[in-house]
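**Student:** Quick note, the sequence shown lines up with residues 858 to 1069 if you use our numbering. Backbone N, C-alpha and C fix where the C-beta goes; we use that ideal spot for every residue, glycine too. Quantities reported herein were computed from a predicted structural model and do not represent experimental measurements.
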Amino acid sequence: MLARESSRILLYLVLITALSLYFSLRYQTPTLMVIFWVFFFFFAFTVYFFRDPERQIPSQPNAVIAPADGKIIAIKEVNDEFVGEGWQISTFMSPFNVHVNRIPFDGSIAQINYQRGKFWSAFKTQASLENEQNRIALQNGAVRLVFTQIAGAFARRIVCYLKVGDEVKKGTRFGMIMFGSRVDLIVPRQTTLKIQIGQRVRAGESIIGEIA
């Protein structure tokens, strides 16, 4: 299964790759063959990048699940304006990770704030503050969470399907970030964390923590 954003890009790449193959077979020149293989490589990588596998969503009602595939690069205490005292968990998504993002917890979308900004490497601390990003606040009764899609050095497009007022279920696809990026998740302080720095997680499947 491929992410919905792949259709137009793959259409162009299929046409260009097919044309380059046609001309390379017709004229049999080394240059045209190289051009064909370059376009074929981009086509194959694009298919790989936009893959969107099904995931087994945890059934525990109090479990917060990973919103992104990747590596946990930071866990720190924060005092967020929406969540209050909590934990911020940052996940780095390399170009080789699945880039489809998923809802971390059941609830309703209370806020969506898009911010233009810089394109620091997603590993850097200032990426959370200064990079282009899309901050989404979710509420479920007294429980509040925030998850933020953050563009990286090469990620120049953030996609989000949500709107304020949407009722969402954990594990549901809600968007993606193109070509390497970062997702920050803020959970309440009373959450018992189940992850550690350096751990690799899978969106919609890995449990980040359990809310008491």
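Which partner residues of residue 954 appear in the DSSP bridge assignment?
**Tutor:** Beta-bridge pairing links residue 954 to no other residue.
**Student:** Is it right to say residue 871 is buried, meaning 16 or more other beta carbons lie within 10 angstroms of its own, or is it exposed?
**Tutor:** Answer is exposed; the Cβ neighbour count stays below 16.
**Student:** For the region 883-964, list the beta strand (DSSP E) runs that are entirely contained and at least 3 residues long, ordered along the chain.
**Tutor:** Counting only runs of 3 or more, we get 920-922, 927-937, 941-950, 957-959.
**Student:** Quick one, are the C-beta atoms of residue 1109 and residue 912 less than 8 Å apart?
**Tutor:** Lying outside 858 to 1069, the shown extent of the chain, residue 1109 is not represented and no answer is given.
**Student:** Kindly indicate which three-state DSSP category residue 880 falls into: helix, strand or coil?
**Tutor:** Looking at residue 880 - three-state DSSP - the assignment turns out to be helix.
**Student:** At what residues does the beta strand (DSSP E) containing residue 1033 begin and finish?
**Tutor:** Residues 1030-1034.
**Student:** Just to confirm the assignment, what range does the beta strand (DSSP E) spanning residue 1067 have?
**Tutor:** Start and end: 1064-1068.
**Student:** Taking only three categories from DSSP, how would you classify residue 1018?
**Tutor:** Looking at residue 1018 - three-state DSSP - the assignment turns out to be coil, as it is neither helix nor strand.
**Student:** List the DSSP bridge partners of residue 1039.
**Tutor:** In the DSSP output, where bridge partners are listed per residue, residue 1039 has 949, 1007.
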